[in-house]
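Top to bottom, those sequences are chains C and A. Numbered continuously in the numbering used here, the first sequence closes out at residue 271. Numbered continuously in the numbering used here, the second sequence closes out at residue 339. Read the structure below first, then the notes.
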Amino acid sequence: MNFIVALQAEARPLIDKFKLQKSTVFKTFRIFHNTKHRLIVSGIGQIQAAAATGFLLGLLKDKTEALLNVGLAGHGKLAMGTPFLANRIEYKDEDSVYFPPPVLKLATDYSLLQTLDSPEFEYPKPVGYDMEAHAIYSVASKSITREMIQVLKIVSDNPSHPLEQFDAEKAVELISDQTPLIEEICEQMESLSNEITNDRDFLALVEEIQSMHRFTQTETHQIERDIQRAACLGLEANDILSLARSSANGKSTISSLRREIKKIGILA
Amino acid sequence: MISTIYFEEQVADHPRTLHLFEKFPLADRIPCTHYKEVFNPSGQNFRIQKKKPALILAGNSGKKVHPVPATYGIGGRRNFYFSHMLNCLYDCRYCFLQGMYPSAHYLLFVNYEDFYEEIEKVAMQTPTEPSWFFSGYDCDSLALESLSGFAVSALSFFQDHPMAQLELRTKSLNTQVLEKHSPLSNVVTAFSFTPQEISVQLEQNVPSVSSRIKAMRSLAEKGWKLGIRLDPVIDCHQFTQRYASLISQIFGEIPGDSVHSVSLGPFRLPHPFFKRMEKLYPSEPLFAGNLEKRGRSVSYEPEIENQRIETCRKLLLKEIPSEKLFLCQPLED
Ligand code: SF4
């Protein structure tokens with residue numbers, strides 16, 4: 004699970020909640036992590052957000068990993084402290100409008116979100132206002148499955164409490180109040196992500212077989228898919244392994260596996 | 007059932023849009039300029055969206071009625087299809103929609119009247135020869151009737167246009183709209199089947215075979231003409247026994263004279279669709295099994311395909327005359 008936040012104050016509740024450690028490897032951006040979570044602090048504005056997103060994408064193993072942008076936002080209608088998921092993200096009158104697919108099952112508010120180049124003091128529409136989400140979505144959606152990119156904002160200012168100056172303690176408090184919701188979002192996104200990610204046992208099996216013989220680039224893809232086919236048709240991992248062991252080379256491993264698949268490749 | 011509705015701004019005030027807003031008052035409403043902004047972007051995951059599809063309301067301003075491939079038909083010479091809706095309530099693993107569309111959201115074109123206008127024009131090209139219009143190409147014709155109200159409106163159009171023949175293709179039990187209407191001789195309601203053992207493996211959320219047969223019988227009793235579609239024919243263990251039992255179950259309950267047509271179709275998918283579907287469901291035994299690429303399609307080996315179709319053909323010919331049996335090759339090789 005990956006988080007992208009603009010400010011250290013927005014990051015703090017997440018660092019505490021998930022017990023994240025600061026990475027000493029990366030200097031370009033502040034990155035915090037544990038074995039399951041990774042958080043990057045982008046800085047304010049679209050350029051910073053786009054750069055941080057790009058940087059974060061470089062660290063991902065899989066395009067099915069989940070990415071949640073958490074942050075504060077102004078809103079023309081919602082009350083202070085209200086969390087909302089962005090359902091449409093736009094920037095000025097640019098054509099590129101993003102619609103994060105509504106795949107989460109949550110009883111939370113949803114709202115349109117406008118990304119701006121500077122803070123909004125007038126709140127002309129009943130929508131959210133931030134300075135990063137459009138850039139994050141724009142960059143992330145080039146690499147990550149769209150369902151796995153979501154934007155959660157918490158209302159920090161609105162027409163009755165207009166933005167005056169940034170209050171770090173208030174930011175921490177607003178985000179802290181929403182950590183149960185953030186946890187719930189993480190759980191749902193991780194579970195969706197797991198559904199479309201190959202499981203570890205399968206990857207280990209593929210790796211082991213690929214290390215036994217030499218495979219060309221094409222054969223590497225073929226053997227991976229054939230192992231998957233054989234496994235889902237009911238061939239046990241041990242049988243697949245012994246088949247590979249008894250084959251003379253990569254090519255013949257593929258042939259013997261396909262012969263086995265042929266025998267069992269009919270629907271039950 | 008629907009918690010998100012996207013709507014094109016141009017149909018925001020359409021009566022069907024307003025009706026659906028009213029029907030789902032708690033749904034989140036999100037405007038868009040064109041449905042393609044939501045439906046078409048690459049990088050969406052059909053499998054995940056299928057768990058909680060949104061509804062997209064749009065107007066179809068393009069061509070609405072299209073010719074069907076020459077290899078497809080149920081007796082008429084002039085065959086067309088139209089799609090007032092894209093995507094389906096059900097989740098059949100073999101369904102080509104998963105490979106064709108980037109999104110699993112239900113896309114409903116609310117301008118039905120424009121479809122009828124085009125259907126009328128096409129039908130009038132040959133005023134003395136019937137034209138067939140197939141409605142269940144990109145969706146199930148009845149499954150989302152309570153939402154779309156499409157069939158109810160289509161029946162009143164086709165009632166006034168007897169040279170236009172309509173096929174409603176379904177796996178649904180949502181037949182109340184037909185039950186309440188007097189039967190029309192130019193409308194065939196066609197139910198698709200695979201044997202129950204296959205259905206439970208591959209047709210998620212689809213009503214059982216026996217409940218579909220019951221729905222058919224009730225329609226037959228009301229005088230509606232029925233179609234039976236064994237399409238796609240799926241190879242499996244105990245193939246002959248399972249298909250024989252399905253066919254005898256159907257014809258044991260449905261009076262032969264209410265059967266307008268039976269069609270048989272092999273399991274074939276365009277190769278790019280198959281690749282996408284395989285990627286979405288890498289652990290699906292159907293895709294892992296004995297299929298091969300032939301020309302631009304993926305299908306069973308020709309020998310298996312011919313044998314299975316021939317088995318079904320023989321079983322069916324025990325029940326119906328050959329004039330009622332059609333072999334459909336939905337996709338080109
Ligand atoms: S019922 Fe038809 S349209 Fe719906 S998922 Fe199944 S095959 Fe596809």
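Ideal placement from N, C-alpha and C gives every residue a C-beta, glycine not left out.
From Gly-330 of chain A to Pro-136 of chain A, what distance separates their C-alpha atoms? In the second sequence, counting from the first residue as 1, residue 330 of chain A sits at position 324. In the second sequence, counting from the first residue as 1, residue 136 of chain A sits at position 130. Reading off the sequence shown, one finds Lys at residue 330 of chain A, where the question assumed Gly. In a straight line, the C-alpha of Lys-330 of chain A is about 17 Å away from that of Pro-136 of chain A.
Contacting residues, own chain, Cβ-Cβ under 7 Å from Glu-311 of chain A (five flanking each side not counted): Here residue 311 of chain A corresponds to residue number 305 of the second sequence, with the count starting at 1. Hits under 7 Å: Pro-272 and Ser-305.
By Cβ distance below 6 Å, which residues in the same chain neighbour Pro-238 of chain A in space, the five residues on each side in sequence not counted? Taking the first residue of the second sequence as position 1, residue 238 of chain A is located at position 232. If we look at Pro-238 of chain A and ignore the five residues flanking it on each side, its Cβ neighbours are Tyr-100, Gly-271 and Phe-273.
Closer than 7 Å: is that where the CB of Glu-263 of chain C sits relative to any heavy atom of the ligand SF4? Taking the first residue of the first sequence as 1, we reach residue 263 of chain C at position 260. Every heavy atom of the ligand SF4 is 7 Å or more from the Cβ of Glu-263 of chain C, so no.
Report yes if the CB atom of Ser-178 of chain A is closer than 8 Å to the CB atom of Tyr-143 of chain A, and no otherwise. Sequence index remark: in the second sequence, residue 178 of chain A carries index 172 (1-based). Sequence index remark: in the second sequence, residue 143 of chain A carries index 137 (1-based). No, they are not a contact pair.
Are the C-beta of Lys-281 of chain A and some C-beta of chain C separated by less than 8 Å? Taking the first residue of the second sequence as 1, we reach residue 281 of chain A at position 275. For Lys-281 of chain A, the answer is no, since every Cβ of chain C falls outside 8 Å of its Cβ.
Using the DSSP secondary-structure output, state which residues sit across from Glu-14 of chain A in a beta bridge. For the purposes of this step, residue 14 of chain A is taken as the residue at position 8 of the second sequence. Its beta-bridge partners are A:Cys-38.
Just to confirm, are Gly-253 of chain C and Ile-226 of chain C a CB contact at a threshold of 8 Å? On the first sequence, position 250 is the one that residue 253 of chain C refers to. On the first sequence, position 223 is the one that residue 226 of chain C refers to. The answer is yes: Cβ separation under 8 Å.
Since Leu-321 of chain A contacts Ile-253 of chain A with CB under 8 Å, what's their CB separation in whole angstroms? Numbered from 1 along the second sequence, position 315 holds the residue referred to as residue 321 of chain A. Numbered from 1 along the second sequence, position 247 holds the residue referred to as residue 253 of chain A. Confirmed, about 5 Å.
Check Asp-133 of chain C in the structure and name its three-state DSSP category. As a first step, residue 133 of chain C is located in the first sequence; it is residue number 130 there, counting from the start. In this structure, Asp-133 of chain C counts as strand in the three-state DSSP scheme.
Do three or more CB pairs link the segment 231 to 249 of chain A to the segment 260 to 269 of chain A at distances below 8 Å? yes
Output yes or no for whether 8 Å exceeds the beta carbon distance between Asn-161 of chain C and Glu-68 of chain C. Reading the first sequence from its first residue, position 158 is the one you call residue 161 of chain C. Reading the first sequence from its first residue, position 65 is the one you call residue 68 of chain C. The answer is no: Cβ separation not under 8 Å.
Under 8 Å between C-beta atoms, does Arg-261 of chain C make it to chain A? For the purposes of this step, residue 261 of chain C is identified with residue 258 of the first sequence, where counting begins at 1. So, not an interface residue.
Which residues bound the alpha helix (DSSP H) around Lys-20 of chain C? One-based indexing of the first sequence puts residue 20 of chain C at position 17. Looking at the DSSP string, the run of the alpha helix (DSSP H) that includes Lys-20 of chain C is 11 to 20.
Could you confirm whether any beta carbon from chain A is found closer than 8 Å to the beta carbon of Tyr-140 of chain C? On the first sequence, residue 140 of chain C is found 137 positions in, with the first residue counted as 1. Chain A contact via Cβ: absent.
C-alpha distance - Thr-56 of chain C paired with Leu-62 of chain C, whole-angstrom precision: Along the first sequence, one-based indexing puts residue 56 of chain C at 53. Along the first sequence, one-based indexing puts residue 62 of chain C at 59. C-alpha separation (whole angstroms): 10 Å.
Cross-chain neighbours of Tyr-113 of chain C in chain A, by beta carbon under 7 Å: Locating residue 113 of chain C in the first sequence gives position 110, counting from the first residue. By Cβ distance, chain A contributes Asp-34.
Between Leu-103 of chain A and the ligand SF4, is there a pair consisting of the residue's CB and a ligand heavy atom that are separated by less than 7 Å? Within the second sequence, numbered from 1, the residue matching residue 103 of chain A stands at position 97. At least one heavy atom of the ligand SF4 is nearer than 7 Å to the Cβ of Leu-103 of chain A, so yes.
Can you determine whether any heavy atom of the ligand SF4 sits closer than 7 Å to the C-beta of Tyr-287 of chain A, and answer yes or no? Position 281 of the second sequence, counted from the first residue, corresponds to residue 287 of chain A. Every heavy atom of the ligand SF4 is 7 Å or more from the Cβ of Tyr-287 of chain A, so no.
Just to confirm my understanding: we take Glu-222 of chain C, look at its own chain, exclude 5 residues before and 5 after, and list those with CB closer than 8 Å. What are they? By one-based count along the first sequence, residue 222 of chain C stands at place 219. Leaving aside the five residues that flank Glu-222 of chain C on each side, the residues in its chain whose CB is nearer than 8 Å to its CB run, in chain order, Gly-253, Lys-254 and Ile-257.
For the segment 47 to 75 of chain A, list every residue whose C-beta sits within 8 Å of some C-beta in chain C, in sequence order. The residues in question are Pro-47, Gly-49, Gln-50, Asn-51, Arg-53, Ile-54, Gln-55, Lys-57, Lys-58 and Ala-60.
So is Ala-14 of chain C buried or exposed if we call it buried at 16+ other beta carbons inside 10 Å? Your numbering for residue 14 of chain C matches position 11 in the first sequence. Label assigned to Ala-14 of chain C: buried.
Along the segment 198 to 213 of chain A, where does the CB come closer than 9 Å to a CB of chain C? Name the residues. Glu-203, Ile-204, Gln-207 and Leu-208
Extent of the continuous alpha helix (DSSP H) run through Thr-221 of chain C: Numbered from 1 along the first sequence, position 218 holds the residue referred to as residue 221 of chain C. First-last of the alpha helix (DSSP H) with Thr-221 of chain C: 220 to 235.
Examine the Cβ distances between the segment 198 to 218 of chain C and the segment 71 to 83 of chain C and report whether three or more of them are shorter than 8 Å. Taking a contact to require three or more Cβ pairs closer than 8 Å, the segment 198 to 218 of chain C and the segment 71 to 83 of chain C do not qualify as touching.
Run through the DSSP bridge pairs and tell me what Gly-46 of chain C is partnered with. The residue labelled residue 46 of chain C in the question sits at position 43 within the first sequence. Partner(s): none; Gly-46 of chain C has no beta bridge.
DSSP beta-bridge partners for Val-194 of chain A? Along the second sequence, one-based indexing puts residue 194 of chain A at 188. A:Glu-173 and A:Lys-231.
Would you say the beta carbon of Lys-177 of chain A is closer than 7 Å to some non-hydrogen atom of the ligand SF4? Counting from 1 along the second sequence, the entry for residue 177 of chain A is found at position 171. Answer for Lys-177 of chain A: yes, Cβ within range of the ligand SF4.
Once DSSP output is grouped into helix, strand and coil, what is the label at Glu-193 of chain C? One-based indexing of the first sequence puts residue 193 of chain C at position 190. Note: Glu-193 of chain C maps to helix in three-state DSSP.
Could you tell me the boundaries of the beta strand (DSSP E) in which Ile-7 of chain C lies? For the purposes of this step, residue 7 of chain C is taken as the residue at position 4 of the first sequence. Counting along the chain, Ile-7 of chain C sits inside the beta strand (DSSP E) bounded by residues 5 to 8.
Uninterrupted alpha helix (DSSP H) stretches inside the segment 27 to 111 of chain C (no shorter than 4 residues): 49 to 60
Note down, in chain order, every chain C residue with its Cβ under 8 Å from the Cβ of Ile-240 of chain A. Residue mapping note: residue 240 of chain A aligns to position 234 of the second sequence, counting from 1. In chain order: Leu-270.
Given a limit of 7 Å on CB to CB distance, which residues of the segment 75 to 103 of chain A reach chain C? none
Please list the residues of the segment 95 to 109 of chain C that have a C-beta atom closer than 7 Å to any C-beta atom in chain A, keeping them in chain order. Val-100, Phe-102, Pro-104, Pro-105, Val-106 and Lys-108
Examine the ligand SF4 and report whether any of its heavy atoms sits within less than 7 Å of the Cβ of Cys-98 of chain A. Counting from one through the second sequence, the residue named residue 98 of chain A turns up at place 92. Answer for Cys-98 of chain A: yes, Cβ within range of the ligand SF4.
Neighbour list for Glu-187 of chain C in chain A, Cβ cutoff strictly below 8 Å: In the first sequence, the residue the question calls residue 187 of chain C occupies position 184. Correct list: empty, because the minimum Cβ distance to chain A is about 15 Å.
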